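Read through the structure below, which is laid out as structure tokens, and then see the notes.
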Amino acid sequence: PKANNINLQTGGDVIHVPKSGTSVVYLPLVHRMSLLQCEGDDEYLPSLITYNDQNDYIHVPLIRKEWLASIKEQLKINDTPESGVILGFGQEQDFEIYLGGVENFSAENLVYFDSSGQILRQSHGVNGGGFILFNAPKGLNSVVAVPVGKQKIYTQLIPVDDLSVAIVNFRL
5 PKANNINLQT GGDVIHVPKS GTSVVYLPLV HRMSLLQCEG DDEYLPSLIT
55 YNDQNDYIHV PLIRKEWLAS IKEQLKINDT PESGVILGFG QEQDFEIYLG
105 GVENFSAENL VYFDSSGQIL RQSHGVNGGG FILFNAPKGL NSVVAVPVGK
155 QKIYTQLIPV DDLSVAIVNF RL
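Convert by adding 4 to the 1-based position in the sequence shown; the result is the number in the numbering used here.
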């Protein structure tokens, strides 16, 4: 855990999370999806996270700059202008990820990783692991998760910019 400051869409003040990594904040129940911004620093990237106001807690992962850069370097992924990064997690089942409404999105820009952050060289993510969509177009994007072997899909909308990592969580 690391201390950080978080800005919630539903709250006016900046919330300071101490080094323990836990902070209790009581929010109004407004029955909607909301956004929070997590500040970055020399070691961690700033992030933008969607959350449901009805959830009992909000998990705010901190993404190391070095980790994300090493994956890009290892896989030789180049930056595309006017794009950003979407990083997500899948829980309870293996899954496939798609970027909805984006034609010709290169499969080379989609990376799956396991629960320890190691790259998976396969066509789907694993329970407890996650994914990275490099070079996602700036603006509002639809991330689609499909549990492997199931007839159901899950989707989340997330705004993407080139200044922060957009983070989504799927409970499949």
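Cβ coordinates follow ideal geometry from the N, Cα and C atoms, glycine included. None of the values given here were measured: they were computed from a predicted structure.
Would you decide whether residue i is buried or exposed? Buried here means 16 or more other CB atoms lie within 10 Å of its CB.
i	result
Gln-97	buried
Ala-149	buried
Tyr-170	According to the sequence shown, residue 170 is Ala rather than Tyr. Buried, because 16 or more other Cβ atoms sit within 10 Å of the Cβ of Ala-170.
Ile-67	buried
Gly-133	buried
Roughly how many angstroms lie between the CA atoms of residue i and residue j, to the nearest whole one?
i	j	result
Asp-45	Ser-168	11 angstroms
Gln-78	Tyr-30	42 angstroms
Glu-86	Asn-56	28 angstroms
Asp-165	Pro-50	11 angstroms
Thr-26	Pro-5	8 angstroms
Gln-41	Ile-62	12 angstroms
Lys-23	Ser-38	25 angstroms
Asp-17	Phe-174	28 angstroms
Lys-69	Ser-127	25 angstroms
Ser-74	Asn-108	25 angstroms
Trp-71	Gly-153	31 angstroms
Arg-36	Ser-119	29 angstroms
Thr-84	Glu-112	13 angstroms
Val-34	Asn-59	11 angstroms
In this structure, how does DSSP classify residue i when only helix, strand and coil are distinguished?
i	result
Glu-107	coil
Leu-72	helix
Gln-155	coil
Gln-41	strand
Gln-13	coil
Glu-100	strand
What do you reckon, are the CB atoms on residue i and residue j nearer than 8 angstroms?
i	j	result
Phe-138	Lys-80	no
Leu-176	Phe-117	no
Ser-146	Gly-104	yes
Val-172	Gln-155	no
Ile-136	Val-64	no
Leu-52	Pro-163	yes
Gly-129	Gly-94	yes
Ile-101	Leu-114	yes
If I'm right that residue i touches residue j with Cβ under 8 angstroms, what's the distance once you round it to whole angstroms?
i	j	result
Ile-10	Val-21	6 angstroms
Glu-43	Asn-8	6 angstroms
Pro-191	Val-106	Residue 191 lies beyond the range of the chain shown here (5 to 176); nothing can be said about it.
Against chain D, with Cβ distances strictly below 8 angstroms, would residue i count as a contact?
i	result
Asp-98	In summary, chain D is missing from the structure at hand, where a single protein chain is found.
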